[in-house]
Structures are given as C-alpha cells and as structure tokens.
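36 is the number of the first residue of the sequence shown in our numbering; add one for each residue after it.
Beta carbons: idealized from backbone N, C-alpha and C, even for Gly.
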Amino acid sequence: MKSCTVNKPAGLTLHLKSQKKCSRLHPKGGQAVNRVHLIKSLCIGSYTLKDVDEVVDCFYKQAQKILQYKQYLFNEWLDTEEEIRDLCYDFIAPLFARDDQGRFYRLNEYFISRIDLGESDFDVEITKLIHSVIKQESILIYASRDPFGKVFYESVQYLLKKHPQWIKMKTSQFGVIIKSQLESKMVGYEQMSDVYHRHISENLTKSLETCLSIIIDKHNYSISIIALLSIARKKSLLTDIINIPKEDPALHRSIDLIISQTLSSLKKRLLNGYLSKGILNENEYSAFFSALNEILKDLSNGGVKLSYYEYLQNIFTRDLAKDEYQDKYRTRFEYIAKSAKKEFSANVKFEFKLKV
Numbered sequence: 036m037k038s039c040t041v042n043k044p045a046g047l048t049l050h051l052k053s054q055k056k057c058s059r060l061h062p063k064g065g066q067a068v069n070r071v072h073l074i075k076s077l078c079i080g081s082y083t084l085k086d087v088d089e090v091v092d093c094f095y096k097q098a099q100k101i102l103q104y105k106q107y108l109f110n111e112w113l114d115t116e117e118e119i120r121d122l123c124y125d126f127i128a129p130l131f132a133r134d135d136q137g138r139f140y141r142l143n144e145y146f147i148s149r150i151d152l153g154e155s156d157f158d159v160e161i162t163k164l165i166h167s168v169i170k171q172e173s174i175l176i177y178a179s180r181d182p183f184g185k186v187f188y189e190s191v192q193y194l195l196k197k198h199p200q201w202i203k204m205k206t207s208q209f210g211v212i213i214k215s216q217l218e219s220k221m222v223g224y225e226q227m228s229d230v231y232h233r234h235i236s237e238n239l240t241k242s243l244e245t246c247l248s249i250i251i252d253k254h255n256y257s258i259s260i261i262a263l264l265s266i267a268r269k270k271s272l273l274t275d276i277i278n279i280p281k282e283d284p285a286l287h288r289s290i291d292l293i294i295s296q297t298l299s300s301l302k303k304r305l306l307n308g309y310l311s312k313g314i315l316n317e318n319e320y321s322a323f324f325s326a327l328n329e330i331l332k333d334l335s336n337g338g339v340k341l342s343y344y345e346y347l348q349n350i351f352t353r354d355l356a357k358d359e360y361q362d363k364y365r366t367r368f369e370y371i372a373k374s375a376k377k378e379f380s381a382n383v384k385f386e387f388k389l390k391v
C-alpha cells in the first residue's frame with residue numbers, strides 16, 4: 036500500500052508509510068514505552084500528541100489487517116486504496132472520543148480492566164476490540180455509538196425524502212450507494228471531498244444537500260454514503276460543525292425506542308411462551324428480560340462487553356454458578372440473545388435505510 040496521510044485533528048494523523056511497532060524511546064529516560072503505557076496515558080488524560088498518534092497508528096494497522104481479509108466485500112464500491120484507508124479510519128475513529136478533561140473515555144471503558152496484561156496479551160485485546168467494531172458492519176458504529184454518524188444519517192434521511200429523485204440506490208455490505216444507475220458512475224473520493232469542503236459553511240444538512248445536488252444533479256454521479264460520511268465527519272472534527280437537522284423532527288427515532296420494540300417482540304415470540312409453559316419462573320423471566328436489555332444497550336453503544344453468562348449473572352439476585360448456567364440456562368438464553376441481536380440490528384439498519 037502506498038504512503039498516504041488521513042486528514043484529521045492534530046494528534047490523530049495516520050502514517051501508512053511507517054511500519055514501526057507501537058513503541059518508542061521515551062525522550063527523557065530512553066526507556067521503551069510500550070502499548071500498555073501509551074494507552075493508559077490516553078485513558079487518564081496524560082499524554083502527548085505523539086502518544087496519540089502512535090496508538091492510532093497501531094489501531095489503524097490492526098484494522099487494515101482485518102479488512103484485508105474482507106476485501107471481497109468491497110468490490111461494489113471501494114475502488115482505491117485511499118477509500119479502504121478511509122474505511123479503516125472510520126471504524127477506529129469513534130474509539131478515540133475524548134471527554135471534557137481530554138481523557139479517551141471509550142478506550143478507558145474497554146482497557147481499564149486489562150491494563151495489567153503483558154505486551155503480547157495486550158496486542159490480542161487490541162485486535163479483539165477492533166474485530167468487535169468491524170463485525171458490526173458500520174451501522175451501529177455510525178448510527179448509534181458515534182453521535183455524528185447518527186446525525187449524519189438523519190440528515191441523509193431528510194434529504195432523500197426532500198429529493199426523491201435521488202432515491203435510486205443499491206446496497207453493499209457496508210452501506211448504501213445513492214443514485215446508482217447504469218448511466219452514472221461513482222464519484223472519486225477526492226472530487227467529492229473538494230466539493231463538500233467548498234460548501235461547509237452551512238449546517239450539516241445544508242452542506243450535504245449542496246454537495247449532493249452538485250454531484251448528483253449537475254454531474255450525474257453516484258455516491259457512496261460511507262465515503263461521504265468519512266468526509267463529513269473529518270471536516271466536522273476540524274471545524275466543530277455538527278448541527279442536527281431541524282427541518283423534520285419526525286425523522287429522529289431513538290435507539291432506545293428500537294431496543295424497546297425489539298424486546299417487546301421477543302416477549303411475544305419467545306419469553307411469554309417460556310413463562311406460560313413453566314420453562315421459566317417469574318424471577319428467571321425477569322432476569323432474562325433485563326439481561327437482554329443490557330445486551331442491546333451495549334450493542335447500540337459499541338458492542339457487547341461481557342459474555343452471555345456474565346450478562347445473566349449480573350442480573351440474577353443470587354449467585355449463578357457457571358455449571359448451573361451451562362446445564363440450565365445456556366442453550367435457551369443464548370438462543371434468545373442471538374435472536375435479539377439479529378432483530379435489533381435489522382431494525383436499526385431498516386430505520387437508517389442501510390443494508391437489511
């Protein structure tokens with residue numbers, strides 16, 4: 036892959052040319068500073084921009100390796116190395132959200148209990164985290180965990196209703212391509228970026244509308260939404276322009292509502308039947324329901340964090356031994372949990388007009 040640099044806020048520059056490991060010599064003491072130390076520094080808010088750059092570089096390279104095994108999914112719309120590069124950036128960017136004190140709180144949520152691991156084990160945890168992100172296929176990343184992604188899709192929803200002539204789309208594994216017709220062709224990433232950046236002075240919805248109008252109506256191009264999202268997010272991070280569309284409040288539909296509807300469906304399809312047949316008692320029924328709710332909340336906020344056993348154990352009012360879970364609950368609970376995740380994902384994807 037050729038050398039290139041992703042444009043983004045200071046301290047988050049990804050250098051593809053550099054193949055060094057994520058460790059360096061400390062400028063003062065000369066000792067090796069490993070990944071564990073660097074990520075801990077980011078978690079507690081005591082870091083330099085170079086520290087951030089090195090951690091992002093490590094995460095980028097792991098995402099790149101994972102996506103190399105999934106390139107067969109990109110044939111429909113990812114034509115260049117730059118587009119794959121930006122897809123990697125899109126996947127890992129939400130992991131580097133900071134709070135008001137400058138702490139990388141999403142990294143802290145995941146790594147705080149793993150900070151004492153050795154270097155090799157820590158590499159495994161980094162890979163597992165990025166795998167968990169990429170397996171969500173963008174929708175939960177962009178529509179719920181990442182607030183900007185949610186606002187972006189609400190804006191796109193509004194614009195597609197306002198301009199129905201644009202709604203000639205096809206779906207791909209990672210998103211939607213607008214105005215996909217035989218006589219149109221995919222717009223180049225750099226060209227789309229240039230058009231968008233020249234019209235960024237308005238709020239997000241207006242900027243998107245202007246960009247889409249020029250590219251679709253004037254030039255008859257098709258647009259990858261995920262590529263447009265990449266451009267819009269990076270520009271918003273640089274200019275702090277994030278404006279929720281005000282034109283149509285009815286477009287807003289919270290993830291909480293989708294969780295509620297998914298749980299209601301599971302009650303009718305599965306849980307109520309287990310209760311009426313005596314397969315579950317009242318306490319077990321309540322524990323199953325509460326654990327499923329926690330799973331879906333975590334799923335909408337970046338991915339499940341615990342094992343199925345841990346979710347159920349945390350809800351039970353008594354200690355739940357692993358042997359009891361395996362013998363009595365495992366098959367049934369995990370079947371319901373997997374059904375819940377599948378239905379929730381489909382509902383969110385449908386709501387945001389992505390791949391169903």
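Closest Cα partner of D158 within the set F94, L355 and F351: Within the sequence shown, residue 158 is the residue found at index 123, counting from 1. The shortest Cα separation from D158 among F94, L355 and F351 belongs to F94.
First and last residue of the uninterrupted beta strand (DSSP E) at S259: Numbered from 1 along the sequence shown, position 224 holds the residue referred to as residue 259. Element bounds for S259: Y256 to S259.
Chain-order list of residues whose beta-carbon lies under 7 angstroms from that of V339 (same chain, five-residue window excluded): Here residue 339 corresponds to residue number 304 of the sequence shown, with the count starting at 1. Same-chain partners within the cutoff: I330 and D333.
Helix, strand or coil at S53 [DSSP, three-state]: Here residue 53 corresponds to residue number 18 of the sequence shown, with the count starting at 1. For S53, the predicted model reports a pLDDT of 30, less than 50, meaning its position is unreliable; a value from the coordinates is still stated below. In the structure shown, S53 sits in coil (DSSP, three-state: anything other than H, G, I, E or B).
Beta-carbon proximity check, F379 vs A267, cutoff 8 angstroms: Locating residue 379 in the sequence shown gives position 344, where the first residue counts as 1. Locating residue 267 in the sequence shown gives position 232, where the first residue counts as 1. No, the pair does not count as a contact, with Cβ atoms beyond the cut-off.
Boundaries (first-last residue) of the alpha helix (DSSP H) holding S242: Position 207 of the sequence shown, counted from the start, is the residue given in the question as residue 242. From DSSP, the alpha helix (DSSP H) with S242 extends over L239 to L247.
Within 8 angstroms, strictly: CB atoms of L327 and L298: As a first step, residue 327 is located in the sequence shown; it is residue number 292 there, counting from the start. As a first step, residue 298 is located in the sequence shown; it is residue number 263 there, counting from the start. The answer is yes: Cβ separation under 8 angstroms.
I314 classed as buried or exposed, judged by whether at least 16 other C-beta atoms fall within 10 angstroms: For the purposes of this step, residue 314 is taken as the residue at position 279 of the sequence shown. Classification of I314: exposed, given that the 10 Å Cβ count is below 16.
Expected contact under 8 angstroms - CB spacing of L77 and V87 to nearest Å: On the sequence shown, position 42 is the one that residue 77 refers to. On the sequence shown, position 52 is the one that residue 87 refers to. At roughly 7 angstroms, the Cβ-Cβ gap stays under 8 angstroms, so L77 and V87 are in contact.
Secondary structure of F139, DSSP reduced to three states: In the sequence shown, residue 139 corresponds to position 104, counting from 1. In this structure, F139 counts as coil in the three-state DSSP scheme.
Burial state of Q296, where buried means 16 or more other Cβ atoms lie within 10 Å: Residue numbering aside, residue 296 sits at position 261 when the sequence shown is read from its first letter. Q296 is exposed by the Cβ-count criterion.
CA-to-CA distance, H166 to K377, given in whole angstroms: As a position in the sequence shown, residue 377 is number 342, starting the count at 1. As a position in the sequence shown, residue 166 is number 131, starting the count at 1. In a straight line, the C-alpha of K377 is about 18 angstroms away from that of H166.
Counted within 10 angstroms of its Cβ, other Cβ atoms place D125 as buried (16 or more) or exposed: Working through the sequence shown from its first residue, we reach residue 125 at position 90. Burial call: buried.
Length of the line joining the Cα atoms of F323 and A262: Position 288 of the sequence shown, counted from the start, is the residue given in the question as residue 323. Position 227 of the sequence shown, counted from the start, is the residue given in the question as residue 262. Cα to Cα, F323 sits roughly 39 angstroms from A262.
Option in V191, A98 and E189 with minimal Cα separation from E160: Here residue 160 is taken as the residue at index 125 of the sequence shown, counted from 1. When only C-alpha atoms are compared, the closest one is A98.
Residues near Y82 in its chain [Cβ-Cβ closer than 7 angstroms; skip 5 each side]: In the sequence shown, residue 82 corresponds to position 47, counting from 1. Taken in chain order, the residues that qualify are S76.
DSSP three-state assignment for A24, whether helix, strand or coil: The structure shown does not extend to residue 24, since the chain spans only 36 to 391, so no value can be given for it.
Reference S228; option with closest CA among S300, L264, N307 and R141: Numbered from its first residue, the sequence shown carries residue 228 at position 193. Minimum Cα distance to S228 is reached at L264.
C-alpha distance - G308 paired with Y360, whole-angstrom precision: Numbered from 1 along the sequence shown, position 273 holds the residue referred to as residue 308. Numbered from 1 along the sequence shown, position 325 holds the residue referred to as residue 360. Answer to the nearest angstrom: the Cα atoms are 20 angstroms apart.
S325, DSSP secondary structure in three states: If you number the sequence shown from 1, residue 325 lands on position 290. Reduced to three states, the DSSP call for S325 is helix.
Identity of the residue in N382, R233 and K241 nearest D291 by Cα: As a working note, residue 291 is residue 256 in the sequence shown. Closest by alpha carbon: N382.
Rounded C-alpha distance that separates S374 from F368: As a first step, residue 374 is located in the sequence shown; it is residue number 339 there, counting from the start. As a first step, residue 368 is located in the sequence shown; it is residue number 333 there, counting from the start. The straight-line gap from Cα to Cα measures roughly 10 angstroms.
Cβ neighbour criterion (16 or more within 10 Å) applied to W112: On the sequence shown, residue 112 is found 77 positions in, with the first residue counted as 1. The pLDDT assigned to W112 is 43, lower than 50, so where the model puts this residue is not dependable; a value taken from the coordinates is nonetheless given after this. Burial call: buried.
Extent of the continuous alpha helix (DSSP H) to which A98 belongs: Taking the sequence shown and counting its residues from 1, the one referred to as residue 98 is at position 63. That run of the alpha helix (DSSP H) goes L84 to Q103.
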